[in-house]
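Each residue of the sequence shown is one higher than the last, beginning at 7 in the working numbering.
In this text, a Cβ means the ideal position worked out from N, Cα and C, and glycines have one as well.
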Amino acid sequence: MESTAFTIEEATFDASLLPEGSRTPGTVAFHRAVTDYFQKSYASMGGQLSVVFAAGRIEVAWEPATPEPAGPGAPAMASIGPLLKQRRFDEARPLLETLLQLQPEHPEALYNLGVLASEEGRLEEARLLLRRAVSSDIEN
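If you want it as structure tokens, here you go:
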């Protein structure tokens, strides 16, 4: 299966697909609802999905899962993954940053730090980290 990437203007996204109270483009509620919408849409496909909001646009990128041999970062990601799922970002961030110090192009660490930056509204940083994650994943 091939990766997918596309951009949609926030104003043209079909807000009727979102819950009441989260249909105003540009709001935090809108961003969360759109992210949830795409996560549910791609959930059955596995892989990695990123949804980034920048300058009134929604940038969506999906990469299929590829079987990877367990590398040196695998044990660290095994302990970080549950923290991310529980949205314990303050605990996950230092672990991800440490992993990047050890392996500067670790795709999962870059991806997850990019998602955290997006969640916190640091969109340019998110975009750079997510692009590095994709590039790093392609090279490996």
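| Item | Value |
| --- | --- |
| Tell me which same chain residues have a C-beta within less than 8 Å of the C-beta of leucine 101, skipping the five on either side of it? | Ala82, Ser85, Ile86, Leu89 |
| Would you kindly work out how many angstroms separate the C-alpha atoms of glycine 27 and leucine 108, rounded to a whole number? | 43 Å |
| DSSP beta-bridge partners for alanine 49? | Answer is none; alanine 49 lacks a bridge partner. |
| May I ask you to list the residues that DSSP assigns as paired with arginine 63? | Glu15, Ala60 |
| Could you check whether alanine 123 and alanine 115 sit closer than 8 Å to each other, using their CB atoms as the reference points? | no |
| Under the three-state reduction of DSSP, which class applies to glutamine 107: helix, strand or coil? | helix |
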